[in-house]
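Here is the structure we will look at, set down as structure tokens.
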Amino acid sequence: MVELSRYNVSDEQAGIDQDVLKNKLGYTNQKDLDDAETILQADAYKHFFDLAQTQQFVFGTNILFKIHKYLFETLYDWAGTVRTVDMSKGEMLFAPVQYLSNSVEELNHIIQNNIPTYSDSLTALAQKLAIIHNEFNVVHPFRDGNGRTIRYR
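Whatever position you read off the sequence shown (first residue = 1), add 1193 for the numbering used here.
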């Protein structure tokens, strides 16, 4: 099947140096990079939950790109931007780069059509969130950090 490492792309394409994603802070040890990401992730979640409680914003791909940028801009030049390499994980091929712009646009429509409402039953809420999460995963717009961007913890 498709074999395109942290996802399946070449080290050069992936921006991997010494088995670690190239980063602005120069970490060459995966544990150090993971620790930095964990701290940044906690800060980003707090920031956006506080923002959601004090301001209204439209949930869609724009806010997901803002979350990703806020979360990863300290570490990566590509934070908050659409990936530029084709990627797969196992046998799952994510949206090809050549279709990524259209895929992100379609993802936004899917999100807008599945925004939970206060009147939704728990079943309807779970279905809507599952659709959004699944579609986001298939598109996989970012080089890394897609899961951390779309979910809380």
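Where a beta carbon is used, it is the ideal one built from N, C-alpha and C, also for glycine.
### Message
Going by the DSSP bridge assignment, what does K1282 pair with across the sheet?
### Response
Answer is M1285.
### Task
For my contact list, Q1234 and L1264 are in at a C-beta cut-off of 8 Å; report their separation, rounded to the angstrom.
That belief holds up - the Cβ atoms of Q1234 and L1264 are roughly 6 Å apart, short of 8 Å.
### Outcome for S1296 when other beta-carbon atoms lying within 10 angstroms are tallied against a minimum of 16
Residue environment for S1296: buried (at least 16 other C-beta atoms within 10 angstroms of its C-beta).
### Query
Which class does L1268 belong to by DSSP, given the choice of helix, strand or coil?
Three-state DSSP puts L1268 in coil, outside helix and strand.
### Message
If you measure between the beta carbons of G1253 and I1304, is that distance less than 7 Å?
### Response
Against a cut-off of 7 Å, the Cβ pair of I1304 and G1253 comes out as a contact.
### Local conformation of V1213 per DSSP, three classes
Strand, per DSSP.
### Task
State the Cα-Cα distance for the pair G1273 and Q1291, rounded to the nearest angstrom.
C-alpha separation (whole angstroms): 18 Å.
### Query
Which two residues bound the contiguous alpha helix (DSSP H) that contains G1253?
In the DSSP annotation of this structure, G1253 is not part of any alpha helix (DSSP H), being labelled neither H nor E.
### Task
Could you please give the first and the last residue of the uninterrupted alpha helix (DSSP H) stretch that includes N1301?
Where N1301 is concerned, the enclosing alpha helix (DSSP H) stretches over 1293 to 1306.
### Exposure of L1318, with buried meaning 16 or more beta-carbon neighbours within 10 Å
Under this definition L1318 is an exposed residue.
### Task
Put D1313 into one of helix, strand or coil per three-state DSSP.
Coil, per DSSP.
### Task
Quick one: grab the DSSP three-state call for G1340.
The three-state reading of DSSP puts G1340 in helix, counting H, G and I together.
### Query
Helix, strand or coil: which one does DSSP assign to F1242?
Of the three classes helix, strand and coil, the one that applies to F1242 here is helix, per DSSP.
### C-beta atoms of L1293 and V1278 nearer than 7 Å
Pairing L1293 with V1278 gives a Cβ-Cβ distance that is not under 7 Å.
### Task
Kindly indicate which residue of L1315, I1256, M1280, L1286 has the alpha-carbon position closest to the one of A1237.
Answer by Cα proximity: I1256.
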